[in-house]
Amino acid sequence: MPTKIDRVPEPRCSVARSLQVLGERWTLLIVRDALAGLTRFADFRESLGVASDLLTNRLNALVDAGVMERRPYREPGARVRHSYHLTPAGEELVTVLASLQQWGDANRPHEAGPSVLSRSRSTGRGVRVAFVDDTGAPVPREDVDLVFLGT
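Read in UniProt numbering, the sequence shown has 116 at position 116, and its numbers run on one by one without any break.
What follows is the structure, encoded as structure tokens:
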């Protein structure tokens, strides 16, 4: 008689659920490159220097999670291929990557300086990732409490 396989419940913690999709190094680097405008498999492979099978797995996982979508295209005389584009959920990861970059620039700086600057499109002024309250007012990190409700 077949045995019932118990499903592991989905974690309540949104960080844990996010890491199920994003918690592998290559995944966020693919998203970084997509935010920079890359869409084709060969361009991701060249930029990242990652093995094709690993890149395929990561792109498939991002598509399955709704972070990217696959779109067919065909070069003249070639077979149909797919390009990869961020969905709205994928585009929201700009804040996550900007936060990681901001942390890295402050705590793991490179001698050549930052590789990316975050600027307001409308003013050209520099911007940073920060906490804001429900009125839109900035809140210093030191004044933020994370109230854990359970994981």
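The beta-carbon is built from N, C-alpha and C at its ideal position, and this holds for glycine as well. Owing to the predicted nature of the structure, the values given are computational and were not obtained by experimental measurement.
Closest in alpha carbon position to Val31, among Pro72, Arg125 and Thr87, is Thr87. Three or more Cβ pairs closer than 8 Å define a contact, and the stretch 23-38 meets that threshold against the stretch 81-95. Taken through DSSP and simplified to helix, strand or coil, Glu91 comes out as helix. Spatial neighbours of Pro138 in its own chain (CB-CB distance under 6 Å, excluding positions within 5 residues in sequence) are listed in chain order as Ala130 and Val132. Taking C-alpha positions only, Val67 is separated from Val127 by approximately 25 Å. Membership of Leu86 in the beta strand (DSSP E) is indicated by the continuous run Val80 to Leu86. In this structure, DSSP gives Phe148 a state outside helix and strand, which the three-state scheme calls coil. Only residues of its own chain outside the window of five on either side were considered, and among them Leu28, Val31, Arg32 and Leu35 have a CB closer than 7 Å to the CB of Leu97, listed in chain order. Here the C-alpha atom of Val94 lies approximately 13 Å from the C-alpha atom of Leu117.
When beta bridges are read from the DSSP output, Glu69 appears opposite His85.
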